[in-house]
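Residues in the sequence shown are numbered from 3 upward in steps of one, following the numbering used here.
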Amino acid sequence: MLPRGRPRALGAAALLLLLLIGFFLLGGDPECERLEPDGRTGDLGCPRCPLTPRVPSDGRLRGASALDGDPLAGHWDHNRSACDPWPQLPPKCELLHVAIVCAGHNSSREVITLVKSLLFYRKNPLHLHLVTDAVARNILEGFKGFYHADQLKPQISWIPNKHYSGLYGLMKLVLPGILPPGLARVIVLDTDVTFASDIAELWALFAHFSDKQVIGLVENQSDWYLGNLWKNHRPWPALGRGFNTGVILLWLDRLRQVGWEQMWTLTAQRELLTLAATSLADQDIFNAVIKEHPELVQPLPCVWNVQLSDHTRAEHCYSEAADLKVIHWNSPKKVRVKNKHAGSFRNFYLTFLGYDGNLLRRELFGCPSQTLPEAEQLHRALAQLDEEDACFEFRQQQLTVHRVHITFLPHKPPPPRPHDITLVAQLSMDRLQMLEALCRHWPGPMSLALYLTDAEAQQFLHFVEASPVLSARQDVAYHVVYREGPLYPVNQLRNVALAQALTPYVFLSDIDFLPAYSLYDYLRASIEQLELGSRRKAALVVPAFETLRYRFTFPSSKAELLALLDSGSLYTFRYHEWPQGHAPTDYARWREAQAPYRVQWAADYEPYVVVPRDCPRYDPRFVGFGWNKVAHIVELDAQEFELLVLPEAFTIHLPHAPSLDISRFRSSSTYRDCLQALKEEFHQDLSRRYGAAALNCPPTVSAI
């Protein structure tokens with residue numbers, strides 16, 4: 003039995019031993035020096051020891067890239083710091099700069115998911131520098147800070163590249179020369195990465211650069227640069243396992259000082275004397291430069307670029323890491339890659355893919371913001387709304403600025419023709435089944451706006467990819483307007499689709515109508531015959547019909563349509579519910595007509611028309627159900643458009659379940675009262691613009 007007091011002494015000794023062990027493990031490395039905020043070293047401990055082993059002067063990475071034994075041995079300790087596992091974050095309001103090269107439709111979709119993940123975790127303001135082609139720039143027009151990729155091509159077009167990214171995969175090499183001269187540091191990202199942490203933590207790693215280091219990279223997590231993947235595999239030179247360029251820290255002013263442009267150019271020229279082309283685009287050239295100048299690179303912890311390629315060895319990283327920071331889908335298969343744990347990472351990616359981007363509109367409190375004048379005006383208008391107003395939802399919805407992703411899918415517009423026509427329409431998820439039939443009926447270009455949630459947009463993507471009919475049509479432009487608010491912004495959707503039409507004329511239709519099979523060719527011929535355009539200002543009326551049957555044989559001619567009309571299988575559109583909406587078309591005259599005839603505007607007239615692309619836009623105040631097309635025809639008449647009914651044209655409405663908005667219109671007197679208030683405001687605004695006389699046209703019919 004121990005004497006009294008002995009356990010207490012042993013306990014004190016054990017505690018002292020633990021403290022000493024903790025000191026040496028966490029903060030007592032005698033080789034470390036303290037780095038003061040101004041860059042000087044001190045002697046007060048070691049709060050800022052490098053997160054990764056320094057690259058020695060002989061250029062060999064110890065453990066991480068040693069070619070004797072397992073090259074990965076020891077590298078995964080890069081997740082830890084011997085002294086400071088949590089580098090000091092930048093100040094709360096410091097602006098962080100991010101550069102991304104983005105080209106084409108698919109990369110534009112990828113970059114949206116990347117930006118969502120950035121915004122979800124970020125606590126600092128971000129400045130995006132986007133190097134884009136014309137397609138991506140048009141899609142991402144809501145962002146600021148574009149650099150024209152086409153202007154950079156001459157600097158890199160001399161480099162043969164076998165990578166699927168083409169010339170765009172080489173453009174990161176020229177970033178130090180095109181970014182603003184006053185910009186000192188930037189984080190460069192591939193579009194196929196997803197953040198799982200605050201990017202400020204990555205920015206903080208600049209503090210670990212030595213005076214000579216200018217590039218921060220994560221080691222490549224495959225055997226590519228070891229040259230043993232297959233027989234005669236000959237990669238570009240690299241330091242050990244090499245580095246992956248999906249995530250890069252660039253110290254720009256230092257790069258300019260060391261003559262980066264000349265450095266990489268000479269290296270690439272020399273290597274291309276014996277190598278036919280780059281296989282991994284800019285990454286090959288970055289690695290060749292680092293092989294020759296190892297002092298330039300600061301290796302980063304593997305968690306900042308977990309690479310899920312086809313031959314990845316990233317499990318060595320994420321099996322030991324406490325948390326991952328960036329997931330990189332660097333396989334050509336992207337998220338469809340098949341490796342051991344891809345399913346778990348895919349679920350993380352899908353979280354942001356379907357995440358409601360509206361929820362990421364967060365203000366950074368306490369940080370100065372540069373609000374655009376339009377945004378300030380919108381904020382004032384929203385602040386003036388009365389939430390107690392019975393029509394508050396209507397007024398709020400018409401002021402809502404929706405996120406819009408134009409040309410959501412790859413789109414190849416047809417070559418320009420003088421009388422070509424684009425069908426313009428809008429739809430939501432519950433009308434998606436109409437698309438295939440519409441594509442069969444209308445062989446010409448279409449511009450369609452879809453009102454979807456982020457998750458529904460992905461369902462729509464899969465729907466098109468799985469449809470042989472839809473996937474074969476490259477002349478249909480789909481524009482996603484992301485859902486926000488309780489009412490359907492029908493006229494805002496129409497305006498989005500109308501603005502993206504590229505042909506001289508547009509057919510303003512609705513998604514639940516199928517045009518006659520011959521209508522596209524007939525309309526183009528009619529435009530030419532009637533000499534529309536500069537010589538004649540007219541709207542061509544396409545008579546509308548409807549069937550109440552879900553199955554019926556679509557008429558191939560006017561004669562067949564009249565037979566169905568006489569047999570009771572077809573009706574003139576809404577004759578039993580809203581006859582004034584189409585009565586001015588004069589269906590009795592249309593039955594016998596052999597030539598176009600003119601009709602005059604009448605109250606509540608809302609025909610489907612063909613007009614020039616630069617016609618008046620729809621009034622966005624009309625949301626939900628009611629008067630949205632009527633108001634547009636009123637303005638066409640105010641601008642003195644002739645209304646010409648075409649004798650061989652027709653379109654047929656198919657039956658479907660009523661929308662939520664029409665149900666609310668029918669059941670709520672408040673809804674109808676709000677619509678009436680909007681109509682009165684519209685008339686007042688139109689009178690101020692065109693004069694009261696322009697809105698008082700007699701409802702009569704006359705010949706041309």
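Ideal Cβ positions, reconstructed from N, Cα and C, are used throughout, including at glycine.
Between which two residues does the alpha helix (DSSP H) harbouring residue i extend?
| i | result |
| --- | --- |
| I114 | 106 to 123 |
| F148 | Per DSSP, F148 belongs to no alpha helix (DSSP H); it is in the beta strand (DSSP E), 148 to 150. |
| P162 | Here P162 belongs to no alpha helix (DSSP H), and DSSP marks it neither H nor E. |
| Q460 | 456 to 468 |
Just to confirm, is the Cβ distance from residue i to residue j under 8 Å?
| i | j | result |
| --- | --- | --- |
| L277 | W238 | yes |
| K94 | E203 | no |
| Y149 | D200 | no |
| A392 | C676 | yes |
| Y547 | H655 | For the record, residue 547 in the displayed sequence is Phe; it is not Tyr. In contact: F547 and H655 (Cβ atoms closer than 8 Å). |
| G356 | D456 | yes |
| T409 | P447 | no |
| V249 | W306 | yes |
| L268 | T196 | no |
| Q641 | P618 | yes |
| L91 | H129 | no |
| F2 | L500 | An answer regarding residue 2 cannot be provided, because it is not within the stretch 3 to 706 covered by the chain. |
| Q309 | Q215 | no |
| N176 | L142 | A small correction: the amino acid at residue 176 is Val; Asn does not occupy that position in the sequence shown. No, the Cβ-Cβ distance between V176 and L142 is not below 8 Å. |
| N289 | Y227 | yes |
| I664 | Y522 | no |
| V482 | E438 | no |
Whole angstroms is fine: what's the gap from residue i's alpha carbon to residue j's?
| i | j | result |
| --- | --- | --- |
| A209 | V220 | 16 Å |
| F684 | Q494 | 16 Å |
| N497 | Y620 | 6 Å |
| C85 | I189 | The predicted position of C85 is uncertain, since its pLDDT is 42 and thus under 50; no value can be drawn from it. |
| L532 | Y524 | 12 Å |
| A323 | Y490 | 46 Å |
| Y692 | L563 | 40 Å |
| D512 | S449 | 12 Å |
| H165 | L282 | 5 Å |
| L380 | S224 | 51 Å |
| F350 | N126 | 23 Å |
| R623 | R397 | 7 Å |
| W603 | L688 | 16 Å |
| V339 | A316 | 14 Å |
| P162 | G171 | 11 Å |
| H343 | H407 | 31 Å |
| I158 | R272 | 15 Å |
| C304 | P182 | 30 Å |
| N246 | A138 | 24 Å |
| T373 | Q678 | 35 Å |
| Y607 | A383 | 32 Å |
| P609 | D152 | 44 Å |
| Y599 | Y589 | 12 Å |
| Q686 | Y673 | 20 Å |
| D388 | V403 | 19 Å |
| L362 | F354 | 11 Å |
| L463 | L411 | 8 Å |
| R2 | E644 | Given a span of 3 to 706 for the chain in the structure shown, any question on residue 2 remains unanswerable. |
| L542 | Q428 | 20 Å |
Considering Cα atoms alone, identify which of the options is closest to residue i.
| i | options | result |
| --- | --- | --- |
| G147 | Q157, H131, L310, H634 | H131 |
| E530 | N360, V612, E637, E390 | V612 |
| L662 | S671, F627, H634 | F627 |
| V544 | E143, L646, L268 | L646 |
| F652 | F509, M173, I329 | F509 |
| P445 | A198, A479, R475, V403 | R475 |
| D312 | S671, L231, R256, D568 | L231 |
| A565 | R593, A541, L542 | R593 |
| G244 | H295, W262, K233 | H295 |
| T615 | Q502, Y507, P156, E378 | A quick correction: the sequence has Arg, not Thr, at residue 615. It is Y507 whose Cα lies nearest to the Cα of R615. |
| P586 | V625, N630, G570, I635 | I635 |
What are the start and end residues of the beta strand (DSSP E) that includes residue i?
| i | result |
| --- | --- |
| T134 | 128 to 134 |
| G248 | 245 to 253 |
| S669 | Note, S669: premise wrong, no beta strand (DSSP E); alpha helix (DSSP H) at 662 to 669. |
Closer than 7 Å: is that where the CB of residue i sits relative to any heavy atom of the ligand COA?
| i | result |
| --- | --- |
| K539 | Inclusion of the ligand COA in the displayed structure is not the case, the ligand content being empty and no account of it being possible. |
What are the uninterrupted segments assigned as beta strand (DSSP E) that are 3 or more residues long and contained completely in the region 526 to 599, given in chain order? 540 to 544, 546 to 548
Entirely within the region 629 to 659 and at least 3 residues each: give me those beta strand (DSSP E) ranges in chain order. 644 to 647, 653 to 655
Could you name each continuous alpha helix (DSSP H) segment of 4 residues or more that falls completely within the region 299 to 323, going from the start of the chain to the end? The region 299 to 323 contains these whole alpha helix (DSSP H) runs: 317 to 320.
Can you list the alpha helix (DSSP H) stretches of 4 or more residues lying completely in the region 202 to 280, in chain order? 254 to 259, 262 to 273
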